[in-house]
Amino acid sequence: VFQPEAGIVLADRALAAFGRGLDIRYNARVTSLADVDAACFVVAAGAWVNDLVTPALPVRVTRETVCYFRLADARPMPALVSLGARVPAESRPDGIVFYALSDPLHGVKASIHHGGVEANPQQPGAPDEAQVRAISRWANEHIALANSTAVDAQSCLYTTTADERFILERRGRVVVVSACSGHGFKFAPAIGASAAALVSEAMRH
32 VFQPEAGIVL ADRALAAFGR GLDIRYNARV TSLADVDAAC FVVAAGAWVN DLVTPALPVR
92 VTRETVCYFR LADARPMPAL VSLGARVPAE SRPDGIVFYA LSDPLHGVKA SIHHGGVEAN
152 PQQPGAPDEA QVRAISRWAN EHIALANSTA VDAQSCLYTT TADERFILER RGRVVVVSAC
212 SGHGFKFAPA IGASAAALVS EAMRH
């Protein structure tokens with residue numbers, strides 16, 4: 032089922048943008064690039080946003096742990112969210128949110144929503160072993176897995192506002208986007224459309 036308003040980046044439109052001369056610099060820090068002249072800029076730098084804009088945005092950066100498992104059944108599974116689940120004291124004693132999503136490579140991706148601690152995005156990080164154990168226990172209790180052990184564990188960064196709302200604002204001819212809060216990927220089309228509207232507004236002033 033194709034749902035055009037769902038949180039999926041449309042590959043055909045992305046390829047069309049490449050055909051019009053879109054220039055992407057992979058594995059390059061913004062601060063290491065040569066000067067770039069443009070009528071308007073969009074800053075969507077995730078955990079590094081406050082390295083590029085002033086005044087700083089009111090965001091908190093945390094390092095999260097993500098685990099991958101193989102499913103007993105090869106069919107893709109639906110998204111699963113467990114609200115207010117309990118975990119052992121070694122991880123967090125309060126009720127937290129576990130979630131799992133279908134993963135095309137391994138089968139399922141599982142994690143704790145906002146389970147990490149504050150982190151410096153400039154420093155490399157590793158998965159939290161206590162969280163790997165907690166996620167593995169939860170996944171084994173709620174999902175039919177081929178193996179009880181995670182086949183891979185990684186860390187990633189969350190950038191979160193106090194109320195978890197997205198930030199999209201225009202500062203003159205600079206548009207700042209900090210969707211984040213662990214939900215940005217699901218709203219890629221809407222966020223992109225909103226950022227484009229702010230760029231159009233900036234160009235009129």
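According to our numbering, the sequence shown is numbered sequentially starting from 32.
Just so it is clear, CB atoms sit at the ideal spot from N, CA and C, and this is done for glycine as well.
All figures in this text were calculated on a predicted structure; none of them were measured in a lab.
Spatial neighbours of G52 in its chain, beta-carbon cut-off 8 Å, leaving aside the 5 residues before and after
None.
For the beta strand (DSSP E) holding A131, just list the boundary residues, first then last.
I127 to D134
Quick check on DSSP: helix, strand or coil for T62?
The answer is helix: DSSP assigns T62 an H, G or I state.
Could you name each continuous beta strand (DSSP E) segment of 3 residues or more that falls completely within the stretch 162 to 214, going from the start of the chain to the end?
183 to 192, 198 to 202 and 205 to 209
What is the DSSP secondary structure of R44, reduced to helix, strand or coil?
helix
Tell me which same chain residues have a C-beta within less than 6 Å of the C-beta of L132, skipping the five on either side of it?
A110 and K140
Which residues in the same chain have their Cβ closer than 7 Å to the Cβ of P124, if we skip the five residues on either side of it in sequence?
With a pLDDT of 48 at P124, under the threshold of 50, the modelled position of this residue cannot be trusted; read the value that follows with caution. Contacts found: none.
Taking all protein chains shown into account, decide if S231 is buried (16 or more other Cβ within 10 angstroms of its Cβ) or exposed.
With fewer than 16 other Cβ atoms within 10 Å, it is exposed.
Pick helix, strand or coil for V230, following the three-state DSSP scheme.
helix
Kindly indicate which three-state DSSP category A141 falls into: helix, strand or coil?
Looking at A141 - three-state DSSP - the assignment turns out to be strand.
Since S113 sits in a beta bridge, which residues does DSSP pair it with?
Paired residue(s): F129.
Going straight from the alpha carbon of A224 to that of M234, what length do you get?
15 Å
Looking only at C-alpha atoms, which of V74, E149, Y57 and G50 sits nearest to V207?
V74
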